[in-house]
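Q: For the sequence shown, my numbering begins at 54 and goes up steadily by one.
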Amino acid sequence: MSFKEGFLWGGATAANQVEGGVAEDGRGLANVDLMPHGKDRYSIGTGKKIVHACEEGAYYPSHQAVDFYHNYVQDIALMAEMGFRTFRLSIAWTRIFPNGDEEQPNEAGLKFYENIFKECKKHDIEPLVTICHFDCPMHLIEKFGGWRDRKMIEQYVKLARTLFTRYKGLVKYWITFNEINMILHFPFVAAGLRFNQNENEYQAMITAAHHELVASALATRIGHEIDPENRIGCMLAAGTYYPQTCRPEDYWKALCDNRESYMFIDVQSKGAYPSYALKWIEQNHAHVPFEKGDKELLQDNTVDFISFSYYSSRVSSADPKNGQQTESNIFASVINPFLESSEWGWQIDPLGFRITINELYDRYQKPLFVVENGLGAKDTIASNGAIQDDYRIDYLRKHIQAMKDAVEKDGVDLIGYTTWGCIDLISNGTGEMEKRYGFIYVDRDNLGNGTLKRIKKKSFYWYKDVIASNGEIL
Numbered sequence: 054m055s056f057k058e059g060f061l062w063g064g065a066t067a068a069n070q071v072e073g074g075v076a077e078d079g080r081g082l083a084n085v086d087l088m089p090h091g092k093d094r095y096s097i098g099t100g101k102k103i104v105h106a107c108e109e110g111a112y113y114p115s116h117q118a119v120d121f122y123h124n125y126v127q128d129i130a131l132m133a134e135m136g137f138r139t140f141r142l143s144i145a146w147t148r149i150f151p152n153g154d155e156e157q158p159n160e161a162g163l164k165f166y167e168n169i170f171k172e173c174k175k176h177d178i179e180p181l182v183t184i185c186h187f188d189c190p191m192h193l194i195e196k197f198g199g200w201r202d203r204k205m206i207e208q209y210v211k212l213a214r215t216l217f218t219r220y221k222g223l224v225k226y227w228i229t230f231n232e233i234n235m236i237l238h239f240p241f242v243a244a245g246l247r248f249n250q251n252e253n254e255y256q257a258m259i260t261a262a263h264h265e266l267v268a269s270a271l272a273t274r275i276g277h278e279i280d281p282e283n284r285i286g287c288m289l290a291a292g293t294y295y296p297q298t299c300r301p302e303d304y305w306k307a308l309c310d311n312r313e314s315y316m317f318i319d320v321q322s323k324g325a326y327p328s329y330a331l332k333w334i335e336q337n338h339a340h341v342p343f344e345k346g347d348k349e350l351l352q353d354n355t356v357d358f359i360s361f362s363y364y365s366s367r368v369s370s371a372d373p374k375n376g377q378q379t380e381s382n383i384f385a386s387v388i389n390p391f392l393e394s395s396e397w398g399w400q401i402d403p404l405g406f407r408i409t410i411n412e413l414y415d416r417y418q419k420p421l422f423v424v425e426n427g428l429g430a431k432d433t434i435a436s437n438g439a440i441q442d443d444y445r446i447d448y449l450r451k452h453i454q455a456m457k458d459a460v461e462k463d464g465v466d467l468i469g470y471t472t473w474g475c476i477d478l479i480s481n482g483t484g485e486m487e488k489r490y491g492f493i494y495v496d497r498d499n500l501g502n503g504t505l506k507r508i509k510k511k512s513f514y515w516y517k518d519v520i521a522s523n524g525e526i527l
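1. Could you give the residue range of the beta strand (DSSP E) that holds Pro296?
2. Per the DSSP calculation, Lys171 is bridged to which residue(s)?
3. Taking 8 Å as the threshold, find out whether the stretch 99-106 comes into contact with the stretch 246-261 through three or more Cβ pairs.
4. On the CB-based measure, 16 or more other CB atoms within 10 Å of its CB, does Leu500 come out buried or exposed?
5. Assuming the contact rule is C-beta atoms closer than 8 Å, Leu223 and Thr139 should be a hit. Round their C-beta distance to whole Å, please.
6. From the DSSP output, in three-state form, read off Ala75 for me.
7. Report all residues from its chain with a CB closer than 6 Å to the CB of Ala68; omit the five preceding and five following residues, and keep chain order.
8. Look at Ile493 and Ser115 and say whether their C-beta atoms are less than 8 Å apart.
9. In three-state terms, what does DSSP make of Thr472?
10. Evaluate Glu425 with the Cβ neighbour count: other Cβ atoms within 10 Å of its Cβ, from every protein chain shown; 16 or more gives buried, anything less gives exposed.
11. Shortest alpha-carbon distance to Pro57 belongs to which of Gly474, Asn502 and Ile468?
12. Between which two residues does the alpha helix (DSSP H) harbouring Ala291 extend?
13. For Tyr255, would you say it is in contact with chain D, using Cβ-to-Cβ distances shorter than 8 Å as the test?
14. Going by DSSP in three states, Gln157 sits in which element: helix, strand or coil?
15. Can you list, in chain order, the residues of its chain with a C-beta nearer than 6 Å to that of Ile178? Leave out the 5 residues immediately preceding and following it.
16. Would you call His340 buried or exposed, if buried means 16 or more other Cβ atoms sit within 10 Å of its Cβ?
17. For Cys299, count neighbouring Cβ atoms within 10 angstroms of its own Cβ and tell me buried if that reaches 16, exposed if not.
18. Buried or exposed: where does Ile526 fall if 16 or more other Cβ atoms within 10 Å of its Cβ makes it buried?
19. Should the stretch 309-324 be called in touch with the stretch 252-261, which here means at least 3 C-beta pairs below 8 Å?
20. Distance, Cα to Cα, Ile279 vs Asp86?
21. Secondary structure at Ser322, three-state DSSP: helix, strand or coil?
22. Would you list the residues sitting across from Phe317 in a DSSP beta bridge?
23. Let me make sure I understand the geometry here. Which of Ala106, Ala118 and Met88 has the alpha-carbon closest to that of Gly503?
24. Would the stretch 261-279 and the stretch 317-326 be scored as touching if the rule is three or more Cβ pairs under 8 Å?
25. If you follow the beta strand (DSSP E) that Pro390 is part of, which residue opens it and which one closes it?
26. Evaluate the contact criterion for the stretch 408-420 versus the stretch 437-448: three or more CB pairs, one atom per stretch, below 8 Å.
27. Give the C-beta separation of Ala133 and Thr471 to the nearest angstrom, bearing in mind that I take them to be a contact with Cβ-Cβ under 8 Å.
28. Can you name the residues that DSSP bridges to Leu237?
29. Please name the residue or residues paired with Arg507 in a DSSP beta bridge.
30. Shortest alpha-carbon distance to Gly79 belongs to which of Asn159, Thr260, Asp303 and Met205?
31. When the Cα atoms are used, what is the spatial distance from Asp458 to Ser96?
32. In whole angstroms, give me the CA-to-CA distance for Ile228 and Lys451.
33. Just how far apart, CA to CA, sit Pro151 and Leu351?
34. The alpha helix (DSSP H) spanning Trp200 covers which residue range?
35. Quick check on Phe422: does DSSP put it in helix, strand or coil?
36. Just to confirm the assignment, what range does the beta strand (DSSP E) spanning Ala65 have?
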């Protein structure tokens, strides 16, 4: 068999995309709560448009999301029915520390997640917990300017220590930060950064990233001290870059784009900044704000595993004007004419998944964990109430086969696989509901209308068979 016994099959979500309950039980306001549905969402997410509060009349998808907050028991039961062995979720920082700088945590928030983890354990589902998934208390952003201030490290470490202590024995697998390389692409979402006029934005992003890397190393050390059984990983938004042609300039551009993706994971996995990264930072009139002890801390507290998201490959060109650009909202690149695209312009490349897996394993030689993969698509409910999402099954089947080849034929050490949005959730990038990923349909539209009823899609039963056969039946 290709996948080892105990391979962790499951699905993934994020607190701000599923929970809702924005003001329940003392929860504070987070950065994502200020991101409305519509045209302003992207400019806010990139830190270009500065907002301080919600605007009257605007719709904010995260405020109710799909109401996992009140429906987690039935939702986890549906996951258990599929045979999930793991469920990736994140902690809403402001449920635990509503402002971020309180001395004592909010017990209601701690109890909420404790109940979720116990519900998972009841169904033999291993929680995989992201400590910070595009989530930062607005109070800390207003007070410190987000992760550009080193004082954020102390607040994050307090959160991590609280979680490791409270959930010892309930949670074994942890991820310190979601897609840490997204700081360079979605800085308000990933690091609470809002840019001032004439500011060196690259310096702000590098500073924020360094502070997150130091915080991650501290959390890794503390997590291992509190419970030696903890397995703590990092995460990146992955997807290999191909050169547009065999022209050396295109190959060099692809190499540079891939290096940029791996730069922060190099630090978390290998314990030091690579020389190319330090040179790039210097050439962009920036520097890494090292303080005494940082280098030793990073060196001594590397992660146990590498987790990553993969949706599509990308194409690099030394002259991007030579080709049409993809419609992907974050990682736009030159269109690959050999690939099909989703309704949202994301190119579909199962072999690219295998290539990415191999590149990561070759580079780091640590166990890998695929924690996001899937197809965002519009689903239609037939007159008989069924949802025939064969397009999703086709995407996942081909990608799981590619993953299987990476394990069986290439010898990659893979811990598990969690599809993104196992239950329909709101899109982080666009705030949409109609871009659906789930095996479980949620009756909610782009503007928050709907009953929130859960409906099993055709893919629900297909994935159940995949898990039951440990990936042998695709």
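Glycine included, each C-beta is placed from N, C-alpha and C at the ideal position.
A: Put simply:
1. Within the sequence shown, numbered from 1, the residue matching residue 296 stands at position 243. Looking at the DSSP string, the run of the beta strand (DSSP E) that includes Pro296 is Tyr294 to Pro296.
2. In the sequence shown, the residue the question calls residue 171 occupies position 118. None; Lys171 has no bridge partner.
3. Counting C-beta pairs closer than 8 Å gives three or more between the stretch 99-106 and the stretch 246-261, which meets the contact rule.
4. Position 447 of the sequence shown, counting from 1, holds the residue named residue 500. It counts as exposed.
5. Within the sequence shown, numbered from 1, the residue matching residue 223 stands at position 170. Within the sequence shown, numbered from 1, the residue matching residue 139 stands at position 86. Their Cβ separation, rounded to whole angstroms, is 13 Å, which puts Leu223 and Thr139 out of contact at 8 Å.
6. Start at 1 with the first residue of the sequence shown, and residue 75 comes out as number 22. Ala is not the amino acid found at residue 75; the sequence shown has Val there. Three-state result, Val75: coil.
7. Working through the sequence shown from its first residue, we reach residue 68 at position 15. Excluding sequence neighbours, Ala68 sits near Ser143 and Ala145.
8. Taking the sequence shown and counting its residues from 1, one reaches residue 493 at position 440. Taking the sequence shown and counting its residues from 1, one reaches residue 115 at position 62. Contact flag unset, no.
9. As a first step, residue 472 is located in the sequence shown; it is residue number 419 there, counting from the start. The answer is strand: DSSP assigns Thr472 an E or B state.
10. Looking up residue 425 in the sequence shown gives position 372. Taking every protein chain shown into account, the CB of Glu425 has 16 or more other CB atoms within 10 angstroms, so this residue is buried.
11. Here the question's residue 57 lines up with position 4 in the sequence shown. One detail in the question is off: residue 57 reads as Lys in this sequence, not Pro. Taking only the C-alpha atoms, the option nearest Lys57 is Ile468.
12. Numbered from its first residue, the sequence shown carries residue 291 at position 238. Where Ala291 is concerned, there is no enclosing alpha helix (DSSP H), although the beta strand (DSSP E) it sits in stretches over Arg284 to Ala291.
13. The chain inventory of the structure shown lacks chain D, comprising one protein chain alone.
14. Taking the sequence shown and counting its residues from 1, one reaches residue 157 at position 104. Gln157 falls in the coil class under three-state DSSP.
15. As a position in the sequence shown, residue 178 is number 125, starting the count at 1. Within the same chain, Cβ atoms closer than 6 Å to the Cβ of Ile178 are found at Phe137 and Phe140, the five residues on either side in sequence being excluded.
16. Along the sequence shown, read from residue 1 onward, the residue named residue 340 stands at position 287. With fewer than 16 Cβ atoms within 10 Å of its Cβ, His340 is classed as exposed.
17. For this step, residue 299 is matched to residue 246 along the sequence shown. That one is exposed.
18. As a working mapping, residue 526 is identified with position 473 in the sequence shown. Ile526 should be labelled exposed.
19. no
20. The residue given as residue 279 occupies position 226 in the sequence shown. The residue given as residue 86 occupies position 33 in the sequence shown. Ile279 and Asp86: Cα-Cα distance of roughly 32 Å.
21. The residue labelled residue 322 in the question sits at position 269 within the sequence shown. Note: Ser322 maps to helix in three-state DSSP.
22. Mapped onto the sequence shown, residue 317 falls at position 264. In the DSSP output, where bridge partners are listed per residue, Phe317 has none listed.
23. Locating residue 503 in the sequence shown gives position 450, counting from the first residue. It is Ala118.
24. yes
25. Position 337 of the sequence shown holds residue 390. Premise fails: Pro390 is in no beta strand (DSSP E) and is neither H nor E.
26. no
27. If you number the sequence shown from 1, residue 133 lands on position 80. If you number the sequence shown from 1, residue 471 lands on position 418. Ala133 to Thr471, Cβ: 15 Å. No contact.
28. Taking the sequence shown and counting its residues from 1, one reaches residue 237 at position 184. Per DSSP, none; premise fails for Leu237.
29. Position 454 of the sequence shown, counted from the first residue, corresponds to residue 507. Under DSSP, the beta-bridge partners assigned to Arg507 are Val495.
30. In the sequence shown, the residue the question calls residue 79 occupies position 26. Nearest option by C-alpha distance: Asn159.
31. Position 405 of the sequence shown, counted from the first residue, corresponds to residue 458. Position 43 of the sequence shown, counted from the first residue, corresponds to residue 96. So the two alpha carbons sit approximately 40 Å from each other.
32. As a position in the sequence shown, residue 228 is number 175, starting the count at 1. As a position in the sequence shown, residue 451 is number 398, starting the count at 1. Approximately 27 Å between the Cα atoms of the pair.
33. To locate residue 151, count along the sequence shown from 1; it is residue 98. To locate residue 351, count along the sequence shown from 1; it is residue 298. Rounded to the nearest angstrom, the two C-alpha atoms are 29 Å apart.
34. Position 147 of the sequence shown holds residue 200. First-last for Trp200: undefined, no H or E at that position.
35. Counting from 1 along the sequence shown, the entry for residue 422 is found at position 369. DSSP places Phe422 in strand when its eight states are reduced to three.
36. Taking the sequence shown and counting its residues from 1, the one referred to as residue 65 is at position 12. Counting along the chain, the beta strand (DSSP E) containing Ala65 begins and ends at Leu61 to Ala65.
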